[in-house]
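Keeping their order, the protein sequence lines are chains A and B. Here this note's numbering is used: position 81 in the first sequence is 92, and no number is missing along the way. Here this note's numbering is used: position 137 in the second sequence is 148, and no number is missing along the way. Where a beta carbon is used, it is the ideal one built from N, C-alpha and C, also for glycine. Data block below; observations after.
Protein chains: 2
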Amino acid sequence: MQYKTPYTPPTVTVDAVMFQLIDNALNVALIQRSTEPFKGEWALPGGYAPQGETTLQALERIVLHKAGVSILNDLSYIEQLYTFDSVARDPRGHAVAVTYMGCGQNIHPDQAKAVVTFFPVNNLPPMAYDHAEIVKYAHNRLIAKLTYTNAVYAFLPQYFTLAELQTAYEAVFGYELDKRNFRKKFLSLGLTEETDQMRREGAHRPARLHRFKSPDLEVLSRSFD
Amino acid sequence: MQYKTPYTPPTVTVDAVMFQLIDNALNVALIQRSTEPFKGEWALPGGYAPQGETTLQALERIVLHKAGVSILNDLSYIEQLYTFDSVARDPRGHAVAVTYMGCGQNIHPDQAKAVVTFFPVNNLPPMAYDHAEIVKYAHNRLIAKLTYTNAVYAFLPQYFTLAELQTAYEAVFGYELDKRNFRKKFLSLGLTEETDQMRREGAHRPARLHRFKSPDLEVLSRSFD
DNA sequence: GCAAAAGTGTTTGGGATACACCCATGC
DNA sequence: GCATGGGTGTATCCCAAACACTTTTGC
């Protein structure tokens, strides 16, 4: 194009915001940095995206290496979040961060590789870089996804109770829903079907298990809440 | 971090999808490429994003230089769209494109700088790179924005008729709306107010002019259509 | 008076909301 | 029998959708 002067691109980095429900609360995976800058602080898992790899490929490789998690296999849903590019966000120099957000229900970081911990989104530690902002942005995006798509499935095992389903929504939205209205509305969407299995646990009536009819992300006919 | 081998970032580029209504149709600005690759083909205005500038700053500079349009001043609304990063999208080598989408109502490209033309989204020419895909993605995002925010304001002058407003929605959505229901619903949102001015043109009843109460982007209390 | 766009109301159906009690089980 | 969470129905209100005629102007 028109730039005769040597063109120097910014560094390109990738970061993953991985959500999972733990004890009925929405949690996000953070890794404790072992090197400067921000040594010892908590950060999103991520790293440098080199030429020749898509950002998602780079992220898969990096997160697998640093945290022992495969974002492609261990997450049930993943999407590109946003590209953060302010010049001062990395003290080492201008770094453009292409970020991704995903959800899973059985993510087990490999603690041998690094200190990786899930923190409740309502009780996050101080974070390196602009990662607190990124997590907040991801949470807002997630709320939106759950309202107009069937993305909740990403938080649930194959068979689940309606109470678990409702709890997933409540954990993401941050407020409680009416049980009768929730069930009526959700069932009317026709995304799930009853199974003939029940879960019995504790001194109370067993709960019927449901499952999603389709494993694919769909836009809802009527948006949720 | 962990990469001892020399790290080579991909090229970072920026591209702008600029929408404007022309003759009641949604149009997008394309520039005819004057150099290889894709010489002579139509493409989104864009270029290289160097270290030390945000992608939006780079885009402002590049689009001003290549098309004579200031995305910051000539667009009423702009947002980051998506980052396209497939390895093969640019034949010269791996280029990660951070794209933006915006809307205006009085965009006048400087034809002295390049051949810049607005094309109706329903009648686009063959396009360079993956730019057809990007325009389609932007159009979908725009439809979503108009359904849950007051972003239509970006297509309209300060004073406008309800017929113009409805036409803007129809041009973006691609289908027609019922006039009575449209007015009832839109007015009930309380975003606009009547003025005491009328527009008279042609052999028919003059139309009352309205204006938006606030120039800011807002999420609607009830989403639109 | 006629062509052309502006403007205006009512009916109906469905979904959202609010709300309280019985059911099945383990101990 | 009691504590615990699972499961269910109804009344009201508001909004979405469907639908056709009158008004104001220029010529």
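Beta-carbon proximity of residue i to residue j, cut-off 7 Å
{"i": "A:Tyr88", "j": "A:Ala162", "result": "yes"}
{"i": "A:Ile42", "j": "A:Pro56", "result": "yes"}
{"i": "B:Val127", "j": "B:Ala40", "result": "yes"}
{"i": "A:Pro120", "j": "A:Gly63", "result": "no"}
{"i": "A:Pro131", "j": "A:Ala36", "result": "yes"}
{"i": "A:Val25", "j": "A:Val109", "result": "yes"}
{"i": "B:Val74", "j": "B:Val23", "result": "no"}
{"i": "B:Pro168", "j": "B:Gln116", "result": "yes"}
{"i": "A:Leu86", "j": "A:Gly113", "result": "yes"}
{"i": "B:Ala182", "j": "B:Leu32", "result": "yes"}
{"i": "B:Asp189", "j": "A:Thr66", "result": "no"}
{"i": "B:Thr94", "j": "A:Thr178", "result": "no"}
{"i": "A:Ala125", "j": "A:Lys195", "result": "no"}
Terminal residues of the alpha helix (DSSP H) in which residue i lies
{"i": "B:Phe197", "result": "Lys190 to Ser199"}
{"i": "A:Arg152", "result": "His142 to Tyr159"}
{"i": "A:Glu90", "result": "Per DSSP, A:Glu90 belongs to no alpha helix (DSSP H); it is in the beta strand (DSSP E), Tyr88 to Phe95."}
{"i": "B:Tyr80", "result": "Looking at the sequence itself, residue 80 of chain B is Val, so the reference to Tyr does not match. That residue, B:Val80, is in no alpha helix (DSSP H); it is neither H nor E in DSSP."}
{"i": "B:Phe176", "result": "Here the sequence assigns Leu to residue 176 of chain B, which means Phe is not the residue at that position. Per DSSP, B:Leu176 belongs to the alpha helix (DSSP H) from Leu173 to Phe184."}
According to DSSP, residues forming a beta bridge with residue i
{"i": "A:Arg219", "result": "A:Met209"}
{"i": "B:Ile33", "result": "B:Ala36"}
{"i": "B:Pro131", "result": "B:Asn38"}
{"i": "B:Gly63", "result": "Answer is none; B:Gly63 lacks a bridge partner."}
{"i": "B:Asp26", "result": "B:Gly57 and B:Thr110"}
{"i": "B:Val230", "result": "B:Thr160"}
{"i": "A:Thr203", "result": "A:Phe223"}
{"i": "B:Gln43", "result": "B:Trp53"}
Own chain partners of residue i with C-beta closer than 8 Å, once the 5 adjacent residues on each side are dropped
{"i": "A:His221", "result": "Tyr170, Phe171, Thr172, Leu173, Leu176, Thr203, Glu204, Glu205 and Thr206"}
Residues of its chain near residue i, where Cβ-Cβ distance is below 7 Å and the 5 sequence neighbours each way are ignored
{"i": "A:Arg210", "result": "Thr172, Pro217, Ala218 and Leu220"}
{"i": "B:His150", "result": "Val132"}
N-terminal and C-terminal residue of the beta strand (DSSP E) that residue i is part of
{"i": "A:Ala237", "result": "Nothing in the structure corresponds to residue 237 of chain A, since chain A is present only between 12 and 236."}
Sequence-distant residues of its chain with Cβ nearer than 6 Å to residue i (five each side left out)
{"i": "A:Ser234", "result": "Thr158 and Tyr159"}
{"i": "B:Lys156", "result": "Ala162"}
{"i": "A:Gln13", "result": "The predicted model places A:Gln13 with a pLDDT of 46, which falls under 50 and marks its position as unreliable, so this point remains unresolved."}
{"i": "B:Ala69", "result": "Val25 and Ala60"}
{"i": "B:Glu100", "result": "Going by the sequence as given, residue 100 of chain B is Arg instead of Glu. Hits under 6 Å: Tyr140 and Asp141."}
{"i": "B:Tyr164", "result": "Phe223"}
Item checked: Interface residues of the region 90 to 123 of chain A facing chain B [CB-CB below 8 Å] -> Gln91, Tyr93, Thr94, Asp96, Ser97, Val98, Gly104, His105, Val107 and Val109
Notebook entry, point to check: Residues in the region 31 to 64 of chain B with C-beta within 8 Å of chain A's C-beta atoms, listed in sequence order?
Noted result: Taking 8 Å as the cut-off between beta carbons, the residues of the region 31 to 64 of chain B near chain A are Thr46, Gly58, Tyr59, Ala60, Pro61, Gln62, Gly63 and Glu64, in sequence order.
Margin query: To be precise: take each residue of the region 137 to 164 of chain B, compare its Cβ to all Cβ atoms of chain A, and keep it if any distance is under 8 Å. Which residues remain?
Written below: none
Margin query: Beta carbons nearer than 8 Å to chain A: which residues of the region 14 to 29 of chain B have them?
Written below: Tyr14, Tyr18, Thr19, Pro20, Pro21, Thr22 and Val23
Check: Of the residues that make up the region 203 to 222 of chain B, which ones have a beta carbon closer than 7 Å to any beta carbon in chain A?
Finding: none
Item checked: Residues of the region 66 to 85 of chain B whose Cβ lies closer than 7 Å to any Cβ of chain A, in chain order -> Thr66
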